[in-house]
Amino acid sequence: MDYSRISLRPFRPSDAEDFLACARDDKVTHYLRWNTITSREEALIYIQQVAIPHPWRQSICLDDRSIGYISIKPESGNDRHRAHVGYAIGSEYWGQGIVTTAMKMAIPIVFEKFPYLVRLEALVEEENLGSQKVLEKVGFVTEGFLRKYGFNKGEIRDMFIYSFLKTDKIAS
Ligand SMILES: CC(C)(COP(=O)(O)OP(=O)(O)OC[C@H]1O[C@@H](n2cnc3c(N)ncnc32)[C@H](O)[C@@H]1OP(=O)(O)O)[C@@H](O)C(=O)NCCC(=O)NCCS
1 MDYSRISLRP FRPSDAEDFL ACARDDKVTH YLRWNTITSR EEALIYIQQV
51 AIPHPWRQSI CLDDRSIGYI SIKPESGNDR HRAHVGYAIG SEYWGQGIVT
101 TAMKMAIPIV FEKFPYLVRL EALVEEENLG SQKVLEKVGF VTEGFLRKYG
151 FNKGEIRDMF IYSFLKTDKI AS
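Structural data, given as structure tokens:
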């Protein structure tokens, strides 16, 4: 993989078809809190009503074509120092270092954009080994194992919690 092909940019309505290709795949949504979508209309609504208004949800692009997303959402009020991190890409692109690269690109951007932010955190299901590996390769620290923490697809799941502080170093 030539990592210079990877970029981050805001979503556009014209990404609907590409977003659908990723979001219609049950393998992609299995560990995500949202459900698989099946039509271009739903993809467009999602882009317009969720992705574009989001405080920082960027399209992960390969040669400027949307293949997934990375989102970093600061809490509000006195908790605005803390932000939740989420990400996904289409399954045909898995295992090539793309999300690891995208996360390493995103971190300095969000700490610059949200000056009060000091902590990124990610919750990952116990079985989601690929996601755990992304976070570890970027330099996130595992802080604990949260028993029966997250509700997803009808089940209460055990999850790992990871964090990355503004003062931490991105792994090389
Ligand atoms: C998890 C996900 C984001 C990883 O993206 P990716 O671009 O494939 O990640 P990377 O290639 O940067 O790194 C993944 C690493 O995990 C490894 N991996 C992937 N699946 C694995 C598995 N089931 N078991 C063990 N390792 C696995 C890969 O080999 C790679 O390691 P390597 O660099 O040593 O080869 C991607 O699989 C995805 O979009 N999944 C669906 C959505 C999701 O789960 N999002 C996260 C919710 S917390």
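1 is the number of the first residue of the sequence shown in full-length UniProt numbering; add one for each residue after it.
Every residue, glycine too, gets a C-beta built ideally from N, C-alpha and C.
Same chain only: Cβ atoms within 7 Å of residue i, ignoring 5 sequence neighbours per side
i	result
Leu44	Pro13 and Ala16
Ile170	Lys104, Ile107, Val138 and Gly139
Arg33	Asn152
Asn35	Thr29
Any non-hydrogen atom of ligand 2 closer than 8 Å to residue i Cβ
i	result
Glu125	Ligand 2 is absent from the structure shown, which contains only ligand 1.
Cut-off 6 Å between Cβ atoms - residues of its own chain near residue i, not counting five sequence neighbours on either side
i	result
Arg80	Pro74 and Tyr116
Leu120	Ala83, Val85 and Phe164
Tyr3	Thr101
Asp63	Arg5
Phe114	Pro74
Arg147	Asp158
Lys166	Phe111 and Val118
One or two residues paired with residue i in a DSSP bridge
i	result
Val124	Phe160
Pro74	Ala83
Ala88	Tyr69
Cys22	Note: Cys22 sits in no beta bridge, so no partner.
Ile60	Leu8 and Gly68
Leu165	Arg119
Coarse secondary structure for residue i, derived from DSSP in three states
i	result
Arg12	coil
Gly97	coil
Ile37	coil
Phe114	coil
Thr29	helix
Ala171	coil
Gly130	helix
Arg5	helix
Lys137	helix
Lys153	coil
Ile109	helix
Lys148	strand
Rounded Cβ spacing between residue i and residue j (contact assumed at less than 8 Å)
i	j	result
Pro10	Gln58	6 Å
Ile161	Gly139	Rounded, the Cβ-Cβ distance is 15 Å, inconsistent with contact.
Ser131	Val141	Ser131 to Val141, Cβ: 15 Å. No contact.
Met159	Gly97	About 24 Å separates the two Cβ atoms, so there is no contact after all.
Ala51	Tyr31	Not confirmed; about 19 Å, so no contact.
Gly90	Asp25	7 Å
Cβ-based neighbour list, residue i, same chain, cut-off 8 Å, excluding 5 preceding and 5 following
i	result
His54	Ser71 and Lys73
Trp94	Gly130
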